[in-house]
Amino acid sequence: MWDYTPTVKEHFLNPRNVGDIPDADAVGEVGSLACGDALKLYLKLDDDKDKIVDAKFQTFGCASAIASSSALTEMVKGKTLDEALAISNQDIAEFLGGLPEEKMHCSVMGQEALEVAIAKYRGHEVKPHDHDHDHGPAYPDQEGTIVCKCFGITDVFLKKVIETNKLTTAEQVTHFTKAGGGCGGCIPRIKELIAEVMGKQESEEPRKRPEKLSNMKKMQMIQEVLERDIRPLLWADGGDLELIDIDGPKVQVAFRKACAGCSSSGFTSRVVEQKLRDLVAEDIVVEEVAA
Amino acid sequence: MKEIYLDNNATTKVDEAVFEEMRPYFCELYGNPSSMHFFGGQVQQKVDEARKRVAALLGASPDEIIFTACGTESDNAAIRSALEVFPEKRHVITSRVEHPAVLTQCRNLTQKGYRVTEIGVDSEGQLDMAELKAAVDADTAIVSLMYANNETGVIFPIEEAAAIAKAKGVLFHTDAVQAVGKVPINLAASKIDLLSLSGHKLHAPKGIGVLYLRRGTPFRPFMVGGHQEKSRRAGTENAAAIIALGKACELAGQNMAIENTQVKALRDRLQTELMARIPHARINGGAAERLPNTLNIAFEFVEGEAILLLLNELGICASSGSACTSGSLEPSHVLRAMGVPFTCAHGSIRFSLSRYTTAGEIDTVIRELPPIIAHLRQMSPFGREFLKKQ
Numbered sequence: 001m002w003d004y005t006p007t008v009k010e011h012f013l014n015p016r017n018v019g020d021i022p023d024a025d026a027v028g029e030v031g032s033l034a035c036g037d038a039l040k041l042y043l044k045l046d047d048d049k050d051k052i053v054d055a056k057f058q059t060f061g062c063a064s065a066i067a068s069s070s071a072l073t074e075m076v077k078g079k080t081l082d083e084a085l086a087i088s089n090q091d092i093a094e095f096l097g098g099l100p101e102e103k104m105h106c107s108v109m110g111q112e113a114l115e116v117a118i119a120k121y122r123g124h125e126v127k128p129h130d131h132d133h134d135h136g137p138a139y140p141d142q143e144g145t146i147v148c149k150c151f152g153i154t155d156v157f158l159k160k161v162i163e164t165n166k167l168t169t170a171e172q173v174t175h176f177t178k179a180g181g182g183c184g185g186c187i188p189r190i191k192e193l194i195a196e197v198m199g200k201q202e203s204e205e206p207r208k209r210p211e212k213l214s215n216m217k218k219m220q221m222i223q224e225v226l227e228r229d230i231r232p233l234l235w236a237d238g239g240d241l242e243l244i245d246i247d248g249p250k251v252q253v254a255f256r257k258a259c260a261g262c263s264s265s266g267f268t269s270r271v272v273e274q275k276l277r278d279l280v281a282e283d284i285v286v287e288e289v290a291a
Numbered sequence: 001m002k003e004i005y006l007d008n009n010a011t012t013k014v015d016e017a018v019f020e021e022m023r024p025y026f027c028e029l030y031g032n033p034s035s036m037h038f039f040g041g042q043v044q045q046k047v048d049e050a051r052k053r054v055a056a057l058l059g060a061s062p063d064e065i066i067f068t069a070c071g072t073e074s075d076n077a078a079i080r081s082a083l084e085v086f087p088e089k090r091h092v093i094t095s096r097v098e099h100p101a102v103l104t105q106c107r108n109l110t111q112k113g114y115r116v117t118e119i120g121v122d123s124e125g126q127l128d129m130a131e132l133k134a135a136v137d138a139d140t141a142i143v144s145l146m147y148a149n150n151e152t153g154v155i156f157p158i159e160e161a162a163a164i165a166k167a168k169g170v171l172f173h174t175d176a177v178q179a180v181g182k183v184p185i186n187l188a189a190s191k192i193d194l195l196s197l198s199g200h201k202l203h204a205p206k207g208i209g210v211l212y213l214r215r216g217t218p219f220r221p222f223m224v225g226g227h228q229e230k231s232r233r234a235g236t237e238n239a240a241a242i243i244a245l246g247k248a249c250e251l252a253g254q255n256m257a258i259e260n261t262q263v264k265a266l267r268d269r270l271q272t273e274l275m276a277r278i279p280h281a282r283i284n285g286g287a288a289e290r291l292p293n294t295l296n297i298a299f300e301f302v303e304g305e306a307i308l309l310l311l312n313e314l315g316i317c318a319s320s321g322s323a324c325t326s327g328s329l330e331p332s333h334v335l336r337a338m339g340v341p342f343t344c345a346h347g348s349i350r351f352s353l354s355r356y357t358t359a360g361e362i363d364t365v366i367r368e369l370p371p372i373i374a375h376l377r378q379m380s381p382f383g384r385e386f387l388k389k390q
């Protein structure tokens, strides 16, 4: 059973803004019957054609697809088109109090429908939507080369999602975009794309340890490094880690899944410690606790 | 909220008589059946009695019964043993719709250089017998085919399949986890060499299974160590669970008629009423011979997980072959192998009944499910288009 937040459940059981807007200014349609989820988003603008005054949706999909669509329609109301375009899939997931990682593609579907609707409204060329054939495309990408043939997903789209969500494993990319979730033949290419995006990020902004940190900022940075740099590495080996406490320079962590009880956990602790020293503060000491 | 449990192909309630039978073997009669003293000996006697009860249900001899931890262990042991017994043979035959306990092992074998043939099924989920006949050759170590499918309930012509294997001198194994207790099985008059069953599918607890091994069949143990189970499965016996399974098998034999009359009548009523009340629905495997307790029904234009969670809100427990419930992105491998269109496969729900299912519970599902499908179709862009045309 999926572990949904109360907000996801609420928006699934009592979805807001279901339906269509017959005289909508913008309509965005993504997904397909074959793919297992689809969203048709309707936007109505004010007289100045600037602000979104109404939004409605029709969704075919699971609880998180319905909840993500409901959340999206609530989030865009009252926003200008540019403000709406700034909504990321992470914002949708956060609005819902989080989504299981396997369901993050539902939030991406919402963001994509919004982008398609606004692009069409602004007169940009959008490929006609097609959901009659047996698979995909999951999202109507405008450019790039198809990477995942099962779901019709391009490299341009994948790089965008990898970069926005800081994805580091092929499994995560599948959870967020569906790419690789069919025959799996494109997984090597997905790994290459991750490497390309990560390489680009590293060359663009080499990360350095800050000179001085407030306690609050230091705690935030420790959490960020663990989430961004450490946990994805552990997930790749079937393991995980949980931050238990921060007390001055002492950072207490507990290893989970394959890392729990692993004979190399002492080594892993040192790797975590070194990374935190490199990127946060040089006096950090990592302690493994059983909690 | 009282639950309506219609997910018995996932697991079953432990029968209270079964529980009472096993209860003393935790805190009172806790001896090790392998011990020489009287305290262990009395447990050994009860384990032997259980072995006889299991054998009686299967039409087997007690010495052909090996207790294991679960159906998966039995499946793994059967295939692995065949490959060890015939190291020169490098071919295994199974079907595309097997439970992962068989399918995953077979697919792993391909990475070790074995040749694995997965026999296809038709649109009703029925085995392609011509393909099976053509696949068996001198290099085949074992044919492993399920007795009945866990998702659709479709029953394979297992004796015919066993005869095809035996005609070429090949070992035949069947994963009968879903069939035992629901359909009559008489191994004495069968060509099956190995058969797997699992206790928790027939009102015994989880964590107990059986591998039937026909007398004279060559065998290499999966688990080695002590001399339990005549050195065919080492490890201290799960005595209480074995005793429970014995009682469950005895009751299953007594209740077989109920499975095929009362349970089947309830399943048929559920099927007929849902098909009458919900347009654009189809029965997956509906034209094939099926287990009397299983209904796999697909609703177009809606997605299975959403149906399942709305049923869950009403206390109704079922299962789904949709991609979203499994965490994968593709719907069930069984429905895909049957060629069920994606449009239906995503909206497939499995109801599996037991002898504890009541007519009132079925009436509740018949009443509650149609508005759920209508609600989701109203929300779905494809469903709305369909409803407009109505």
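These protein sequence lines are chains A and B, in that order.
Per UniProt numbering, residue 1 is the first one in the first sequence, and the count goes up by one each step.
Per UniProt numbering, residue 1 is the first one in the second sequence, and the count goes up by one each step.
For each residue, glycine too, the CB sits at the ideal point set by N, CA and C.
In this text, all values refer to a predicted model and were calculated from it rather than measured experimentally.
Measuring CA to CA, which of A:Ile146, A:Gly248, A:Pro100 is closest to glycine 189 (chain A)?
Counting from one through the first sequence, the residue named residue 189 (chain A) turns up at place 189. Per the sequence shown, the amino acid found at residue 189 (chain A) is arginine instead of glycine. Taking arginine 189 (chain A) as reference, the option from A:Ile146, A:Gly248, A:Pro100 with the minimal CA-CA separation is A:Ile146.
Proximity winner among B:Val183, B:Pro157, B:Ala241, relative to tyrosine 30 (chain B) (alpha-carbon distances)
Here residue 30 (chain B) corresponds to residue number 30 of the second sequence, with the count starting at 1. Distance from the Cα of tyrosine 30 (chain B) is smallest, within the candidate group B:Val183, B:Pro157, B:Ala241, for B:Ala241.
May I ask which residues mark the beginning and end of the alpha helix (DSSP H) holding serine 269 (chain A)?
Here residue 269 (chain A) refers to the residue found at position 269 when the first sequence is read from its first residue. For serine 269 (chain A), the enclosing alpha helix (DSSP H) has its first and last residue at 265 to 279.
Can you name, in chain order, every residue of its own chain whose Cβ lies under 6 Å from the Cβ of proline 381 (chain B), other than the five neighbours on each side?
Locating residue 381 (chain B) in the second sequence gives position 381, counting from the first residue. If we look at proline 381 (chain B) and ignore the five residues flanking it on each side, it has no Cβ neighbours.
By Cβ distance, which residues of its chain are closer than 6 Å to valine 116 (chain B), with the 5 residues on each side in sequence left out?
Indexing the second sequence from 1 puts residue 116 (chain B) at position 116. Around valine 116 (chain B), the same chain offers Val92, Cys106, Leu109, Thr110 as residues with beta carbons nearer than 6 Å, after the five sequence neighbours per side are excluded.
Establish whether the CB of glutamate 313 (chain B) and some CB of chain A are separated by less than 8 Å.
The count along the second sequence starts at 1 and reaches residue 313 (chain B) at position 313. Chain A places a beta carbon closer than 8 Å to that of glutamate 313 (chain B), counting this residue as a contact.
State buried or exposed for tyrosine 147 (chain B), treating a residue as buried only when at least 16 other CB atoms are found within 10 Å of its CB.
Taking the first residue of the second sequence as position 1, residue 147 (chain B) is located at position 147. The residue in question, tyrosine 147 (chain B), is buried, as its Cβ has 16 or more Cβ neighbours within 10 Å.
Nearest-angstrom Cα distance between isoleucine 373 (chain B) and isoleucine 278 (chain B)?
Here residue 373 (chain B) refers to the residue found at position 373 when the second sequence is read from its first residue. Here residue 278 (chain B) refers to the residue found at position 278 when the second sequence is read from its first residue. Isoleucine 373 (chain B) and isoleucine 278 (chain B) have their alpha carbons spaced roughly 8 Å apart.
Using a C-beta to C-beta distance shorter than 7 Å, which residues of chain B count as neighbours of valine 290 (chain A)?
By 1-based counting over the first sequence, the position of residue 290 (chain A) is 290. At residue 290 (chain A) the sequence reads alanine, which differs from the valine that was named. Within chain B, no residue comes near alanine 290 (chain A); the closest Cβ sits about 27 Å away, beyond 7 Å.
Can a CB atom of chain B be found closer than 8 Å to the CB of proline 15 (chain A)?
Reading the first sequence from its first residue, position 15 is the one you call residue 15 (chain A). For proline 15 (chain A), the answer is yes, since a Cβ of chain B falls inside 8 Å of its Cβ.
Between which two residues does the beta strand (DSSP E) carrying histidine 200 (chain B) extend?
For the purposes of this step, residue 200 (chain B) is taken as the residue at position 200 of the second sequence. Secondary structure note for histidine 200 (chain B): it is in no beta strand (DSSP E), with a DSSP letter that is neither H nor E.
Valine 180 (chain B) and leucine 202 (chain B) - do their beta-carbons sit closer together than 8 Å?
Translated into positions along the second sequence, residue 202 (chain B) becomes position 202. Translated into positions along the second sequence, residue 180 (chain B) becomes position 180. Leucine 202 (chain B) is a Cβ neighbour of valine 180 (chain B), given a cutoff of 8 Å.
Rounding to the nearest angstrom, what Cα-Cα distance links glycine 347 (chain B) and glutamate 73 (chain B) in this structure?
Here residue 347 (chain B) is taken as the residue at index 347 of the second sequence, counted from 1. Here residue 73 (chain B) is taken as the residue at index 73 of the second sequence, counted from 1. Going by the C-alpha atoms only, they are around 32 Å apart.
Taking all protein chains shown into account, do 16 or more other C-beta atoms lie within 10 angstroms of the C-beta of glycine 180 (chain A), making it buried, or fewer, making it exposed?
Against the first sequence, residue 180 (chain A) aligns to sequence position 180. By the neighbour-count rule (16 or more Cβ atoms within 10 Å), glycine 180 (chain A) is buried.
Sub-8 Å separation of alanine 84 (chain A) and leucine 114 (chain A) beta-carbons:
Translated into the one-based positions of the first sequence, residue 84 (chain A) becomes position 84. Translated into the one-based positions of the first sequence, residue 114 (chain A) becomes position 114. Yes. Within cutoff.
What residues from the region 272 to 301 of chain B come within 7 Å of chain A, judged by C-beta to C-beta, listed N to C?
Per Cβ criterion, the list reads Phe301.
Please list, in chain order, the residues of the region 341 to 366 of chain B that have any C-beta partner in chain A closer than 7 Å.
Contacts with chain A (Cβ-Cβ distance below 7 Å) from the region 341 to 366 of chain B involve Phe342, Thr343, His346, listed in chain order.
Can you pull the chain B neighbours of phenylalanine 12 (chain A), defined as C-beta to C-beta under 9 Å?
Translated into the one-based positions of the first sequence, residue 12 (chain A) becomes position 12. At a C-beta separation below 9 Å, phenylalanine 12 (chain A) has these neighbours in chain B: Ala306, Leu309, Leu310.
Residue-level contact to chain A via CB, methionine 379 (chain B), 8 Å cutoff
As a first step, residue 379 (chain B) must be located in the second sequence, where it is residue number 379. At a cut-off of 8 Å, the C-beta of methionine 379 (chain B) has a neighbouring C-beta in chain A.
Should alanine 306 (chain B) and arginine 350 (chain B) be called a contact, given that it needs their Cβ atoms to be closer than 8 Å?
By one-based count along the second sequence, residue 306 (chain B) stands at place 306. By one-based count along the second sequence, residue 350 (chain B) stands at place 350. Not a contact, by the Cβ cut-off of 8 Å.
State the Cα-Cα distance for the pair threonine 11 (chain B) and lysine 120 (chain A), rounded to the nearest angstrom.
As a first step, residue 11 (chain B) is located in the second sequence; it is residue number 11 there, counting from the start. As a first step, residue 120 (chain A) is located in the first sequence; it is residue number 120 there, counting from the start. Going from the Cα of threonine 11 (chain B) to the Cα of lysine 120 (chain A) covers about 50 Å.
Looking at the strands, I want to know which residues DSSP matches up with histidine 105 (chain A).
Position 105 of the first sequence, counted from the start, is the residue given in the question as residue 105 (chain A). Paired residue(s): none; histidine 105 (chain A) is not in a bridge.
Measuring only the C-alpha atoms, how far is alanine 67 (chain A) from isoleucine 4 (chain B)?
The residue you call residue 67 (chain A) lines up with position 67 of the first sequence. The residue you call residue 4 (chain B) lines up with position 4 of the second sequence. Alanine 67 (chain A) and isoleucine 4 (chain B) have their C-alpha atoms spaced approximately 26 Å apart.
So with Cβ pairs under 8 Å, would you call glutamate 118 (chain B) a contact of chain A?
In the second sequence, counting from the first residue as 1, residue 118 (chain B) sits at position 118. Output row for glutamate 118 (chain B): interface = no.
Suppose the cutoff is 6 Å on Cβ atoms and the five residues either side in sequence are ignored; what does the same chain contact list for proline 218 (chain B) look like?
Residue numbering aside, residue 218 (chain B) sits at position 218 when the second sequence is read from its first letter. Val85.
Alpha-carbon spacing of isoleucine 187 (chain A) relative to serine 88 (chain A), whole angstroms
Here residue 187 (chain A) is taken as the residue at index 187 of the first sequence, counted from 1. Here residue 88 (chain A) is taken as the residue at index 88 of the first sequence, counted from 1. In this model, isoleucine 187 (chain A) and serine 88 (chain A) are separated by some 25 Å (Cα to Cα).
Label proline 210 (chain A) either buried or exposed according to how many other C-beta atoms from any shown protein chain fall within 10 Å of its C-beta, with 16 as the threshold for buried.
The sequence position of residue 210 (chain A) within the first sequence is 210, counting from 1. It is exposed - the Cβ of proline 210 (chain A) has fewer than 16 other Cβ atoms within 10 Å.
Take valine 271 (chain A) and list the residues in its own chain whose beta-carbon comes closer than 7 Å to its own, dropping the five residues that flank it on each side.
To locate residue 271 (chain A), count along the first sequence from 1; it is residue 271. By the criterion of a C-beta distance shorter than 7 Å, valine 271 (chain A) is surrounded by no residue of its chain, once the five residues flanking it on both sides are discounted.
Report the rounded CA-to-CA distance for residue 398 (chain B) versus glutamine 262 (chain B), giving the unit in angstroms.
The requested residue 398 (chain B) does not occur in the structure, where chain B is confined to residues 1 to 390.
In whole angstroms, what separates the C-alpha of arginine 269 (chain B) from that of proline 232 (chain A)?
Here residue 269 (chain B) is taken as the residue at index 269 of the second sequence, counted from 1. Here residue 232 (chain A) is taken as the residue at index 232 of the first sequence, counted from 1. CA-to-CA, the gap between arginine 269 (chain B) and proline 232 (chain A) works out to about 50 Å.
May I have the straight-line CA-CA distance separating alanine 71 (chain A) from leucine 158 (chain A), to the nearest angstrom?
As a first step, residue 71 (chain A) is located in the first sequence; it is residue number 71 there, counting from the start. As a first step, residue 158 (chain A) is located in the first sequence; it is residue number 158 there, counting from the start. Rounded to whole angstroms, the gap between the alpha carbons of alanine 71 (chain A) and leucine 158 (chain A) is 23 Å.
Roughly how many angstroms separate the alpha carbons of residue 312 (chain A) and aspartate 247 (chain A), rounded to a whole number?
Lying outside 1 to 291, the shown extent of chain A, residue 312 (chain A) is not represented and no answer is given.
Can you find a CB in chain B that lies within less than 8 Å of the CB of aspartate 37 (chain A)?
For the purposes of this step, residue 37 (chain A) is taken as residue 37 along the first sequence, with counting starting at 1. Taking 8 Å as the CB threshold, aspartate 37 (chain A) lines the interface with chain B.
Which residues of chain B have a Cβ atom closer than 8 Å to the Cβ of leucine 33 (chain A), listed in chain order?
Position 33 of the first sequence, counted from the first residue, corresponds to residue 33 (chain A). Phe301, Phe342, Thr343, His346, Phe382, listed in chain order.
By Cβ distance, which residues of its chain are closer than 6 Å to glutamate 20 (chain B), with the 5 residues on each side in sequence left out?
The sequence position of residue 20 (chain B) within the second sequence is 20, counting from 1. None.
Mind checking the region 59 to 88 of chain A against chain B and listing, in chain order, the residues whose C-beta falls within less than 7 Å of any C-beta there?
If the cut-off is 7 Å between Cβ atoms, the region 59 to 88 of chain A has Thr59, Phe60, Gly61, Cys62, Ala63, Ile66 near chain B.
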